[in-house]
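Residue numbers (the numbering used here), protein chains in the order written: chain A, 1300 to 1705; chain G, 1300 to 1705.
2 protein chains.
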Amino acid sequence: MKVIDGGITSAKGFYAAGLYAGIKKKKKDIAIIYTKDIANMAGTFTTNNVKAAPVLWNQKLINEFGQGHAIVVNSGVANACTGEIGVVNNKSMAGFVASGLNIDINSVYVASTGVIGKQLPMDIIEEGVKNLIPTLKDDRDSAIDAAEAIMTTDTYKKEIAVEIEIQGKTVTIGAIAKGSGMIHPNMATMLGFITTDCAISKEMIKEVLSSSVSDSYNMVSVDGDTSTNDMVLMMANGLAGNVEITEKNDDYYTFLDALNYINIHLSKAIAADGEGATKLLEINVEGAKTKEQAVALAKSVVGSSLVKTAIYGEDANWGRIICAMGYADTIFNPDDVTVYFETEIGSIKIVENGMGTGYSEEEATAILGDKYIKLNIFLQEGSEKATAWGCDLSYDYVKINADYRT
Amino acid sequence: MKVIDGGITSAKGFYAAGLYAGIKKKKKDIAIIYTKDIANMAGTFTTNNVKAAPVLWNQKLINEFGQGHAIVVNSGVANACTGEIGVVNNKSMAGFVASGLNIDINSVYVASTGVIGKQLPMDIIEEGVKNLIPTLKDDRDSAIDAAEAIMTTDTYKKEIAVEIEIQGKTVTIGAIAKGSGMIHPNMATMLGFITTDCAISKEMIKEVLSSSVSDSYNMVSVDGDTSTNDMVLMMANGLAGNVEITEKNDDYYTFLDALNYINIHLSKAIAADGEGATKLLEINVEGAKTKEQAVALAKSVVGSSLVKTAIYGEDANWGRIICAMGYADTIFNPDDVTVYFETEIGSIKIVENGMGTGYSEEEATAILGDKYIKLNIFLQEGSEKATAWGCDLSYDYVKINADYRT
């Protein structure tokens, strides 16, 4: 696998465009991703019981067709809690793209991110789509425009592309994502879009995306709040010319590994760019009885406000880690727990057999001075493992989320 | 029911004492509650998988005997994650009290709160118990001493007493509690102790406590972290001389109402005294399909970091409320949701049919300027309801929990 300088247009046949239409105050706010050759598609969507109009639209398209030509994304307004009008507006937005590109409306997927409870400004969106379509290109700049247009208050764009070989053919995967910068309210939505020229069946694209999302986006927690608009969409147009992946063979796993690399890269970028984050926190749990246990423990620790503030304060407060593991909904033997802190600066064992090791506080604080903190937890229950990502909880988190008006 | 000026010694036959032994730096840190006449007892304990030594000890006593004479409590050290030594120390602590009062060790319950991972200073505790026993009194000052000795960094003591009539006899219930002030790490433990002279059977005291705790302490969330040491213990020595409550008759419900009043009063005091709290937040959910649904929704909203920071910022951010309801693990129709903010200043409807009402932001902000914020949520799923309490998330929460060393 080779990481290349690229993004959403790196795979053969994918075009993109992004521009400022006027939904937000001044930054780019609308983007289209497009492939002339129809793509097999898969999607994973928020588990929030309150789903934004575009989420419901895409779920229907994925279930009924599992294919598509385009994704249109706006930032600034989430089109969530907008009732029947929101549903109609969402369909109109897909319709503008379908007319402009002369494709079936049922091949146009929609994503929105921004303020909850506000209706989409349809004139601006219609005009925006009209201006976007002639600028669709498969070059690097267009990919960057799209990556920027889906941002809300992310402090940097998030994109990546990789190449792999599948039976002598070069297969490319590119992706963009946005996370949870939150200066304006309710913008914590996580969106991810992945394009590939790999030939892969509808059944397998669904399988591979779902498997990869479980180990990446679903393991990210900034503040535990799951948005009404979260989604990941993946398009595969088959232009790489490889023998289509139709079962879980070696090619499938080669592709899955590359997809995991992409999604974990973007998940870490999202976690590190969480509201007010000063440190990226990675929780590795090993030796669990089941995968579910490893996931439950990693998520409980990464979501603990007490652990997150301790990391912000560069304090090796192991009691809070054990406590957060304890209230995860899973039974383990606390007397078997070992915990290390690990950064580029060094590694230190702070818990052994469920008790403090009498480590040097000075050394621990020095290690926690780094920006990328790994917390490695070992159980003796079995051989399953999981990794979760999050960030510290800082003054700025409170500032951003309490004082957004000022 | 009459609220009286009192606490843990208000009910007939209950003695208390509290003093500074030297476990903490300078504040009172050890207390005993005692009744000569043996009391029927019930307890509810943390669901954390990692349980402190005193929790395990008390669970065993409650299950095997369901009776007792005394509770000894220390603050400063939690005796959690302390291995076999912690278990032995806990038993010794009970033993000091048993010897001093000449009672069975199996009638002495223990509670500890403070730093995780540190062993109890047994010399100090032995000396402390020795000094406490001669000072046990049933007066108001001793009750206050005990209320103060169980505090960690609570900013005020929490106690209450009420009188009720049961078939012509005056029955008194008194209680003390401590919450989650957290200048030092890992002190978020919630402890509650209740004494009553009511005659009530072992079966019914278990029933009445469990029922009341579900609607009070279990509905409090400061930061979602459940401690290794949380517990509520209740003692009933029967000295009021009422006909013993042995079934769920009118007397039972009279007693339950009074107990609920006490526990809800203390729960609100704990929530309002959460780390860095500037506002008490009360979430009322009505019209739910089941009690479980009402509880799940109320807890999800009160635990949302985004809702908590919005309340701190006095921002009527209804999108975050709907979003937090949405990710609770229960299905409801978001289009039927109505939400009001209510304080002493006034009441305002901010959501109707799942959408914003176009309320005046100025009016909403004025209403949120108060210190006790009720968020009233109405569904149209059924007729069940629940209430949860919490607090806002402020700069001081981060400061207290990140910078405890400075």
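Cβ atoms here follow ideal geometry from the backbone N, Cα and C, with glycine treated the same way. Quick caveat: nothing in here was measured; it's all calculated off a predicted structure.
{"Check": "Contacts that L1692 (chain A) makes with chain G (C-beta to C-beta distance below 7 Å)", "Outcome": "V1697"}
{"Check": "Close beta carbons around T1305 (chain A), own chain, < 6 Å, minus the five adjacent residues each side", "Outcome": "Strictly speaking, residue 1305 (chain A) in this sequence is Gly, with Thr absent from that position. Taken in chain order, the residues that qualify are A1460 and G1473."}
{"Check": "For I1563 (chain A), the three-state DSSP class (helix, strand or coil)", "Outcome": "helix"}
{"Check": "Contact under 8 Å by Cβ, V1521 (chain G) with S1479 (chain G)", "Outcome": "yes"}
{"Check": "7 Å Cβ shell around D1403 (chain A) - same chain, five flanking residues per side excluded", "Outcome": "A1397"}
{"Check": "Neighbour list for P1420 (chain A) in chain G, Cβ cutoff strictly below 8 Å", "Outcome": "The premise fails here: P1420 (chain A) is roughly 16 Å from chain G at the closest Cβ pair, so nothing lies under 8 Å."}
{"Check": "Whether A1338 (chain A) touches T1381 (chain A) by CB criterion (8 Å)", "Outcome": "no"}
{"Check": "Neighbourhood of K1477 (chain G) by C-beta, 6 Å cutoff - its chain only, sequence neighbours within 5 removed", "Outcome": "I1449, M1450, D1453 and L1490"}
{"Check": "Presumed contact (8 Å Cβ cut-off) between K1590 (chain G) and A1687 (chain G), rounded CB distance", "Outcome": "Going by Cβ atoms, the distance from K1590 (chain G) to A1687 (chain G) rounds to 13 Å, so no, they are not a contact pair."}
{"Check": "Alpha-carbon to alpha-carbon, R1439 (chain A) and L1318 (chain A)", "Outcome": "15 Å"}
{"Check": "Straight-line Cα distance separating M1518 (chain A) from K1598 (chain A)", "Outcome": "7 Å"}
{"Check": "Cβ-based neighbour list, Y1455 (chain G), same chain, cut-off 7 Å, excluding 5 preceding and 5 following", "Outcome": "D1572"}
{"Check": "Selection of the stretch 1329-1356 of chain G by Cβ proximity to chain A, strictly under 9 Å", "Outcome": "T1345, T1346, N1347, N1348, V1349 and K1350"}
{"Check": "Interface flag, I1415 (chain A) vs chain G, CB-CB below 8 Å", "Outcome": "yes"}
{"Check": "Alpha carbon of T1345 (chain A) to alpha carbon of Q1358 (chain A), nearest angstrom", "Outcome": "10 Å"}
{"Check": "Neighbour-count burial assignment, Q1768 (chain A), 16 or more Cβ in a 10 Å radius", "Outcome": "No answer is possible for residue 1768 (chain A): the residues shown for chain A start at 1300 and end at 1705."}
{"Check": "Cutoff 8 Å: L1678 (chain G) Cβ touching any chain A Cβ", "Outcome": "no"}
{"Check": "Beta-carbon proximity list for K1501 (chain A), same chain, < 7 Å, skipping 5 on both sides", "Outcome": "N1339 and G1365"}
{"Check": "Backbone CA spacing between Q1418 (chain A) and G1653 (chain G) [nearest angstrom]", "Outcome": "14 Å"}
{"Check": "Where the beta strand (DSSP E) through T1345 (chain A) begins and ends", "Outcome": "Looking at the DSSP string, T1345 (chain A) is not in any beta strand (DSSP E), and its letter there is neither H nor E."}
{"Check": "According to DSSP, residues forming a beta bridge with M1534 (chain A)", "Outcome": "A:M1340 and A:T1494"}
{"Check": "Residue closest to M1503 (chain A), alpha-carbon to alpha-carbon, out of A:F1554, A:I1475 and A:T1469", "Outcome": "A:F1554"}
{"Check": "Within 8 Å of chain A by C-beta, residues of the stretch 1607-1639 of chain G in sequence order", "Outcome": "T1608, A1609, Y1611, G1612, D1614, N1616, W1617, G1618, R1619, I1621, C1622, A1623, M1624, G1625, Y1626, A1627, T1629, I1630, F1631, P1633 and D1634"}
{"Check": "Heavy atom of the ligand HEM within 7 Å of G1681 (chain G) beta-carbon", "Outcome": "With respect to the ligand HEM, the structure shown offers nothing to examine, as it has no ligands at all."}
{"Check": "Classification of K1457 (chain A) by the beta-carbon crowding that lies within 10 angstroms, buried from 16 upward", "Outcome": "buried"}
{"Check": "Neighbour-count burial assignment, I1561 (chain G), 16 or more Cβ in a 10 Å radius", "Outcome": "buried"}
{"Check": "Test: N1541 (chain A) CB closer than 8 Å to a CB of chain G", "Outcome": "no"}
{"Check": "Cβ-based burial, K1323 (chain A) [other Cβ within 10 Å; buried from 16]", "Outcome": "buried"}
{"Check": "The stretch 1646-1662 of chain G contacting the stretch 1533-1541 of chain G, beta-carbon criterion three pairs below 8 Å", "Outcome": "no"}
{"Check": "Neighbour flag for A1687 (chain G) against chain A, beta carbons, 8 Å", "Outcome": "no"}
{"Check": "Backbone CA spacing between K1349 (chain G) and D1444 (chain A) [nearest angstrom]", "Outcome": "The amino acid occupying residue 1349 (chain G) in the given sequence is Val; Lys does not appear at that position. If you take the alpha carbons of V1349 (chain G) and D1444 (chain A), they lie about 50 Å apart."}
{"Check": "Cross-chain neighbours of G1367 (chain G) in chain A, by beta carbon under 7 Å", "Outcome": "Within chain A, no residue comes near G1367 (chain G); the closest Cβ sits about 26 Å away, beyond 7 Å."}
{"Check": "When G:D1336, G:I1424, G:F1395 and G:N1405 are compared against N1378 (chain G), the one with the closest alpha-carbon", "Outcome": "G:I1424"}
{"Check": "Per-residue DSSP class, three states only, for A1474 (chain G)", "Outcome": "strand"}
{"Check": "Beta-carbon proximity list for F1395 (chain G), same chain, < 6 Å, skipping 5 on both sides", "Outcome": "E1425 and V1428"}
{"Check": "Cutoff 7 Å; reference G1312 (chain G); Cβ partners in own chain excluding five residues on either side", "Outcome": "T1334, K1335, D1336, D1496, N1536 and L1538"}
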